[in-house]
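First up is the structure itself, then whatever we jot down about it.
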Amino acid sequence: MTKQLAGMYAALMTGLSDAGEFDPQRQRNINDYVLRQGLAGLYVGGSSGESGLLTVDELLAQQEVVFAGAV
53 MTKQLAGMYA ALMTGLSDAG EFDPQRQRNI NDYVLRQGLA GLYVGGSSGE SGLLTVDELL
113 AQQEVVFAGA V
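Take the sequence shown: its letters are residues 53 to 123, numbered as in the numbering used here.
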């Protein structure tokens, strides 16, 4: 059985510290705000945002934080 995607998905901004590094708590704040809007899902690490400026470790950390808060 396959699940069809439906509804609106948000391409997330990245929670960055004032120094420009990935900040897990700021990411959680963004996630919480977006999820309260009633969206169907989240899109993480896309090419239209800051993902091109993050290291692989930062991208993985971002995905872990988003997944933990969205499940």
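Heads up, the beta-carbon is just placed ideally off N, CA and C, and yes, glycines get one too.
Subject >> Helix, strand or coil at Ala120 [DSSP, three-state] >> reply: Reduced to three states, the DSSP call for Ala120 is helix.
Subject >> Inter-residue Cα distance where the pair is Gln79 and Lys55 >> reply: Distance between the alpha carbons of Gln79 and Lys55 is about 27 angstroms.
**OP:** Give the straight-line distance between the Cα atoms of Ser103 and Glu73, rounded to the nearest whole angstrom.
**Re:** Whole-angstrom Cα-Cα distance: 12 angstroms.
**OP:** Enumerate in chain order the residues of its own chain whose CB-to-CB distance from Ser69 is below 6 angstroms, with the five nearest sequence positions on each side excluded.
**Re:** Only Asp75 meet the Cβ criterion.
Original post:
The alpha helix (DSSP H) with Leu87 in it runs from where to where?
Top reply: Element bounds for Leu87: Pro76 to Arg88.
Original post:
Which residues bound the beta strand (DSSP E) around Leu94?
Top reply: Its beta strand (DSSP E) spans residues Gly93 to Tyr95.
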